[in-house]
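Residue numbers (the working numbering): 32 to 120. A virtual CB, placed ideally from N, CA and C, is assigned to each residue, including glycine. So the structure is just underneath, and the comments pick up after that.
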């Protein structure tokens, strides 16, 4: 099962993290997580089910391309890190 970690800010929403979840893709793993933690969905995905603009995901230390992150295939030992991207000037 993949392991899903959250940054400190998001961990306030899911104090039980990290979570072990099933799924062949990042999106499936997150859906598995949302089944038990539905309140997290809105912080990670928008109303269309797309990764929010200021959320990024790393899989085993590799930053995933935003538009392809949810479809990325993962293995049973993958470690996913969900974080809010920072922007500014």
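Which term fits residue 66, buried or exposed, when burial requires 16 or more other beta carbons within 10 angstroms of its beta carbon? To locate residue 66, count along the chain shown from 1; it is residue 35. Exposed, because fewer than 16 other Cβ atoms sit within 10 Å of the Cβ of residue 66.
DSSP three-state call for residue 61: helix, strand or coil? The residue labelled residue 61 in the question sits at position 30 within the chain shown. Residue 61 falls in the helix class under three-state DSSP.
Pull the bridge partners of residue 36 from the DSSP assignment, please. Start at 1 with the first residue of the chain shown, and residue 36 comes out as number 5. According to DSSP, which records beta bridges pairwise, residue 36 is partnered with 112.
State the CB to CB distance for the pair residue 39 and residue 115, rounded to an integer number of angstroms; the pair is presumed to be in contact (CB under 8 Å). Translated into the one-based positions of the chain shown, residue 39 becomes position 8. Translated into the one-based positions of the chain shown, residue 115 becomes position 84. Not a contact, Cβ separation roughly 10 Å.
Ignore the nearest five residues each way along the sequence and tell me which others in residue 95's own chain have a CB closer than 6 Å to its CB. Residue 95 sits at position 64 when you count from the first residue of the chain shown. Once the five neighbours on either side are set aside, the close Cβ partners of residue 95 are 88, 103.
Residue 75 - containing alpha helix (DSSP H), residue span: Counting from one through the chain shown, the residue named residue 75 turns up at place 44. From DSSP, the alpha helix (DSSP H) with residue 75 extends over 72-75.
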